[in-house]
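Engineer:
Residue numbers (the working numbering): 125 to 336.
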């Protein structure tokens, strides 16, 4: 867990290490991480927003020879395909998978409870909104499938949210990531991104507790 936290908070340095070690294979490696973060229901802890931001920031620096358009295209594919895989898994083996001991060690009952409440409250729009909230981003497609959501409706919100998420995070990283202040405090910026993205879920949880 410590290594994962270090990877997330110092993600820019880790991506630089990946670039220096693997060169153009960096595109594939980061693509796989986003695909797993969105598509593997047991991996909601992988970096999403921060990885997009950091990758785009590095692509704005000519010394790393990274192409922002390749990143955007690959992240779009990973986000849309990942959510579709997640939905398919939920549709085929949803409730049985949640009963597996290994899955229960990774996905806490509180996470599932808050995700179901979020989905029940916002309906189909939850697929769009959850794209911007860590953990929920991974769990909502799965919960939508177990709730028998129509795939045609799901894919609409999946695609539109995927475009919005990737363009927002990559655009912010590309245009602001190389500002000297942000470069000097990148870990704090990443932590801020995580906190801001989690705020809607935390506020919703607190409000539901207060209302009860």
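Virtual Cβ for every residue (Gly too), placed ideally from N, Cα, C.
Classify residue 285 as helix, strand or coil using the three-state DSSP reduction.
Structural biologist: The answer is helix: DSSP assigns residue 285 an H, G or I state.
Engineer: In terms of residues, what are the limits of the alpha helix (DSSP H) holding residue 138?
Structural biologist: 135-146 is the span of the alpha helix (DSSP H), which, as asked, contains residue 138.
Engineer: Taking the alpha helix (DSSP H) that residue 261 falls in, what are its first and last residues?
Structural biologist: Element bounds for residue 261: 260-270.
Engineer: From residue 305 to residue 192, what distance separates their C-alpha atoms?
Structural biologist: If I take the Cα positions, the gap works out to 22 Å.
Engineer: Drop a sphere of 10 angstroms on the beta-carbon of residue 217, count the other beta-carbons inside from all chains shown, and report buried for 16 or more, exposed for fewer.
Structural biologist: Residue 217 is exposed by the Cβ-count criterion.
Engineer: Please identify the residue among 133, 294, 259 and 292 whose C-alpha is closest to the C-alpha of residue 168.
Structural biologist: Comparing Cα positions, the closest option is 259.
Engineer: To the nearest angstrom, how far is it from the Cα of residue 263 to the Cα of residue 253?
Structural biologist: Distance between the alpha carbons of residue 263 and residue 253: 12 Å.
Engineer: Suppose the cutoff is 6 Å on Cβ atoms and the five residues either side in sequence are ignored; what does the same chain contact list for residue 313 look like?
Structural biologist: 306.
Engineer: With DSSP collapsed to three states, give me the class of residue 316.
Structural biologist: If DSSP states are grouped into helix, strand and coil, residue 316 belongs with the helices.
Engineer: Measuring only the C-alpha atoms, how far is residue 201 from residue 244?
Structural biologist: Computed Cα separation, rounded: 27 Å.
Engineer: Taking only the alpha-carbon atoms, compute the straight-line gap between residue 267 and residue 182 and give it to the nearest angstrom.
Structural biologist: Straight-line Cα distance between these residues: approximately 35 Å.
Engineer: Near residue 204, what residues of its chain come up, given a Cβ to Cβ distance below 7 Å and the 5 sequence neighbours on each side ignored?
Structural biologist: Same-chain partners within the cutoff: 282, 283 and 286.
Engineer: Using 8 Å as the threshold, is the C-beta distance between residue 195 and residue 294 below it?
Structural biologist: Yes, the Cβ-Cβ distance between residue 195 and residue 294 is below 8 Å.
Engineer: Would you please state the rounded distance, in angstroms, between the beta carbons of residue 142 and residue 171? I believe it to be under 8 Å.
Structural biologist: With a Cβ gap of about 13 Å, residue 142 and residue 171 do not count as contacting.
Engineer: For the ligand PLP, any of its heavy atoms closer than 7 Å to the Cβ of residue 296?
Structural biologist: Inclusion of the ligand PLP in the displayed structure is not the case, the ligand content being empty and no account of it being possible.
Engineer: Identify whether residue 338 lies in helix, strand or coil by the three-state DSSP scheme.
Structural biologist: The structure shown has nothing for residue 338, since the chain only spans 125 to 336.
Engineer: So, residue 269 versus residue 214, is the Cβ gap smaller than 8 Å?
Structural biologist: Yes. Within cutoff.
Engineer: Does the distance from the CB of residue 206 to the CB of residue 158 come in under 8 Å?
Structural biologist: Contact: yes.
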